[in-house]
């Protein structure tokens, strides 16, 4: 007697029906991270961006190794990203892979160490800003009323002001340094995170599982940290990934206009500013290479952010 015939006899006898579906036919990937990764890697542009970011991280972490490699190949005793040891404005060669700047400093060494500055500013400012934004967004979204009004009105007013003007004003007030740049970008970056996270909290806080948590006596702190944050954080992850590229661009822009990193700090924005418009004709390599690395970094974070958005919420994919 087959399994189907036995099931029919059970139904006729009033016995409980036992499903004969094999586990393989109803298998669902129980690992959400694996499913997210599968969707992410379908986006070729996002994968390329992820590879570029990984290479930039390797370049930044092992910066002394790459500079030592270049100096040994070129037969130069020592290359210093902050001190000129060669003739100025040399074109790219085997001795100086990206040439030298107007002070005779090796451009490859400065770009490699500049990757440290850019990535440090990008990640540090976004981590700080996102943390503040998540906390204030959770408070505004969960408690609402006057707390929501005060926080959101402040955010609306601040976002209505020109970003670069606020950044320059804060740098002037707190002084020009790398730590100030991180603080300024974080101070202006948390507001977008707060608005996004507040919206996610408002959507989730009236769901049945939250009402059930309240009914069994869970505290607000436990509800927010154990239930609301894990289920509302996906948009913040996407936004923060995109914000890293924006933060790197902001640091370069502030350095370019003279209120960011100080010489002789190897900042990509400072390198572009030092080359100047005239260098585009006479010494284009002094502007091209730092501009290329800056553009690749920003585009890579943008591509990864778009890929994460599609992977975390396939409904948004066009």
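Residue numbers (my numbering): 287 to 604.
We put the CB at the ideal spot given by N, CA and C, even for glycine.
Restricted to the stretch 314-349, the alpha helix (DSSP H) segments that are unbroken, complete and at least 4 residues in length are 318-327, 330-347, listed in chain order. The C-beta of residue 404 has 16 or more other C-beta atoms within 10 Å across all chains shown, which makes the residue buried. In the structure shown, residue 434 adopts helical secondary structure according to DSSP, grouped into three states. According to the DSSP assignment, residue 466 belongs to the alpha helix (DSSP H) that extends over 464-490. In the structure shown, residue 387 falls within a coil segment according to DSSP collapsed to helix, strand and coil. With fewer than 16 other beta carbons inside 10 angstroms of its own, residue 379 counts as exposed. By the neighbour-count criterion, in which 16 or more other beta carbons inside 10 Å mark a residue as buried, residue 351 falls on the exposed side.
The Cβ-Cβ distance between residue 420 and residue 471 does not fall below 8 Å. Between residue 338 and residue 586 a beta carbon distance of about 4 Å is seen, short of the 8 Å cut, so the two are scored as contacting. Comparing alpha carbon positions, the residue from 522, 432, 469 closest to residue 485 is 522.
In the assembly as shown, residue 377 is an exposed residue. Its beta-carbon has fewer than 16 other beta-carbons within 10 Å. By the beta-carbon neighbour count (other beta carbons within 10 angstroms, threshold 16), residue 493 is exposed. The beta-carbon separation of residue 411 and residue 533, rounded to 5 Å, stays under the 8 Å limit for a contact. The Cβ atoms of residue 450 and residue 437 lie no closer than 8 Å to each other. Judged by their CB atoms, residue 423 and residue 483 are nearer to each other than the 8 Å cut-off.
The count of Cβ pairs closer than 8 Å, one atom from the stretch 473-480 and one from the stretch 540-556, stays below three, leaving the stretches out of contact.
In the three-state reduction of the DSSP assignment, residue 506 falls in the helix class. Per DSSP, residue 381 lies in no alpha helix (DSSP H) and is assigned neither H nor E. Between residue 520 and residue 596, the C-beta gap is not smaller than 8 Å, which leaves the two residues out of contact. Residue 392 is bridged by DSSP to 386. Distance from residue 388 to residue 375 at the Cβ level is roughly 6 Å; contact confirmed, criterion being Cβ atoms closer than 8 Å.
Using a Cβ-Cβ distance cut-off of 8 Å, the stretch 457-470 and the stretch 494-509 are not in contact, since fewer than three pairs of beta carbons, one from each stretch, lie closer than that value.
A direct Cα-to-Cα measurement between residue 333 and residue 456 gives close to 37 Å. Residue 528 is positioned such that its CB atom lies closer than 8 Å to that of residue 588. Remark: C-beta atoms of residue 593 and residue 326 approach each other more closely than 8 Å.
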